[in-house]
Amino acid sequence: MFANPRNAASGTLKQLNPEIVAERRLDAYLYYLLGEKLPTDEHFANLQAARTWGLKIPGEIRKCATLQEVFAYIDYWEKERKNLPVATDGIVLKVNSLHQQRLLGFTAKSPRWAISFKFQAEKATTRLLSVSYQVGRTGVVTPVANLEPVQLAGTTVKRASLHNADIISELDLYIGDYVYVEKGGEIIPKITGVDIAARSILVEEKVIFIKKCPECGTVLERPDGEAACYCPNEWECHPQIKGKIEHFVTRKAMNINMGPETVEDVYNAGYVRNVADLYALKKEDLLQLERWAEKSAHNLIDSIEASKQVSFERVLFGLGIRYVGQTVAKRLANAFTSLKQLEEASLESLLEVNEIGERIAQSVLHYLADERNRELLSRLEKYGLQMSLRADEMETRSNKLKDLTVVISGSFTLHSRDEYKSMIERNGGKCSGSVSGNTDFILAGENMGPAKLAKAEKMGIKIINEEKFLKLIE
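Reading the sequence shown from the start, the letters are residues 3 to 476 in my numbering.
Below you can see the structure in the form of C-alpha cells.
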C-alpha cells in the first residue's frame, strides 16, 4: 500500500515491470496544450478543443473575467475540494492569452504568467523529541525537529524544518513540547506553533540554536541582515564538500550523470574531494568500487567528458558561489565573457551589471579572492571546461549600446521582454527598471506605463519602438 497518490504515481513511473504498471491503472489529467498550430490563442479554448479530441481535461477549470470571479472560484473549492476524486492542495491561476504569456515569459524556475493559490494546510499536534542540525552545500545550518510520528495529509511525519535561529527563538521551544505541525504546500512539514497549555513539568531543556558546526566543530557565523547561520569551514566540512559536488553535476549545471549515491561513493573512496577531481577520475577507479561494472563506469566517464562542452554561464552556476543562481550566472557571463575578465572585475564594475547588488558582488569577489578557489578554477580550465563565451556566442555581441542605460516598458510583438533584456546586455547596455537622470532611452511597446511616459517626457528622454531598436543593434 502507498501512503498517498504522489508516492503511488512516483513508484509506478519508476517501475520496470510493465505488468505491474498496467495493474495500477495510472491515469493523468492534462493542463496545457503545446504546439505551433494550436486551434486558438486562448489557453482555455485550447483545452476545450483537446477535450473534444478525447484527451482528459479537468471539468472543474473555469475562465474568469474579474477578480471577483477568481475569489468566488477559490472560495467554492476551498470547501468542495474534499469531494473531488483526487487530492488537491490548491489552484493555479493563469493568464489566458498565449500572446500575453509569451510577452510575460519565464523566470529561471517558473512562468510569470501563472501563480498558485494554496489552500489552508492540514494541521496536526505531536510531541517534539529532539532537534538536529543539517549543513548544506553553502554552509547554511538548518535546524530540524524530530517528532513523535503523526499522520498528516496522507503521510507519516517524523521530521519538520525549524528554518533558523530566529524561528526557534520566536516559538520558545522546549524538548517535550506539544507542537502544531502543518505541510507547507501539502509537501514540506513545518512547525507553526506550540501548545503552551499542554506544557508540563515533563518538558526538558529549552531549544537554543547551536554555536558550532555539528559536522566539523567550527564556530558558526551569521552575516549582518541575514537569518541563516553559516559554517565558514567550506574546504574541510564534509557535507559542504559533497554538497558542492552534487550541485556541480546537476542537469542545470554540468549535466554529469551522477546521483548523490555516486558522489558519496567516490568521495568516501577518496577519489573526488572537489569538483576538479571529477576530471581526473578514471574508469579503473570506479571498477574498484562495489556495484560498479564496465558499462556503468564507461558511461560516467563519457558523461564527465561531455560536460567539458557545457557553456560558460552554466560552469559559473555549477561552481556554487553563494547567491549566484542561474540568472545571476547568465548576467555575469554576458557582462564579462570570460573567467579572466571576471577575475579582474572590481566591485564597481560588478555593480554595474543588471540585477547584481552589493551582496552578490561581494560574494563573487570573496570567492575569487580565495587562492584555493583560484587554483580550483585553474585546474578546471586545464581540463578543458568552457571558461569563456564560445565564438558563436561572441558573434552576437557588440558595443553598440556600451555605457547606455535602457528602460523597457510596455508589451511587445516581435520579441519578449526577456529577449530584449538579453539583447541590450549582449550589445553592452544596461537595463534599468525605473526612469531616472541616468536613463539614455526607453524601449517602448504597446501600453507603456503612463507614469514612465510622463516622467520621460518631462525629462526629455528619447523613446523608441522595437522596430527602431532592432535597427539600432543590427
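Glycine included, each C-beta is placed from N, C-alpha and C at the ideal position.
Query: For residue 9, three-class secondary structure by DSSP; Result: helix
Query: Whole-Å CB distance - residue 177 paired with residue 206, under 8 Å assumed; Result: 4 Å
Query: Any non-hydrogen atom of the ligand ATP closer than 8 Å to residue 48 Cβ; Result: Only the bare structure without any ligand can be found here, which leaves the ligand ATP out of the picture.
Query: Helix, strand or coil at residue 364 according to DSSP, with G and I counted as helix; Result: helix
Query: Per DSSP, the bridge partner or partners of residue 120; Result: 92
Query: Distance, residue 287 Cα to residue 280 Cα; Result: 11 Å
Query: Identity of the residue in 454, 418 and 449 nearest residue 434 by Cα; Result: 454
Query: Between the CA atoms of residue 470 and residue 220 - distance to the nearest angstrom; Result: 58 Å
Query: Residue 153: first and last residue of the uninterrupted beta strand (DSSP E) it sits in; Result: 142 to 154
Query: Local conformation of residue 245 per DSSP, three classes; Result: helix
Query: Identity of the residue in 472, 438 and 447 nearest residue 460 by Cα; Result: 438
Query: Rounded C-alpha distance that separates residue 357 from residue 111; Result: 16 Å
Query: Residue(s) in a DSSP beta bridge with residue 136; Result: 144
Query: Sub-9 Å separation of residue 26 and residue 42 beta-carbons; Result: no
Query: Minimum length 4: unbroken alpha helix (DSSP H) runs contained in the stretch 282 to 323; Result: 285 to 289, 296 to 308 and 314 to 320
Query: Under the three-state DSSP convention, the category residue 108 falls into; Result: strand
Query: Span separating the alpha-carbon of residue 337 from that of residue 149; Result: 48 Å
Query: Given residue 108 as reference, the closest of 224, 436 and 418 once Cα atoms are compared; Result: 418
Query: Span of the alpha helix (DSSP H) around residue 404; Result: No alpha helix (DSSP H) holds residue 404; DSSP gives it neither H nor E.
Query: Beta-carbon proximity check, residue 465 vs residue 408, cutoff 9 Å; Result: no
Query: Counterpart residues of residue 129 in DSSP-defined beta bridges; Result: 180
Query: Nearest to residue 1 (by Cα), restricted to the options 463, 242, 295 and 420; Result: An answer regarding residue 1 cannot be provided, because it is not within the stretch 3 to 476 covered by the chain.
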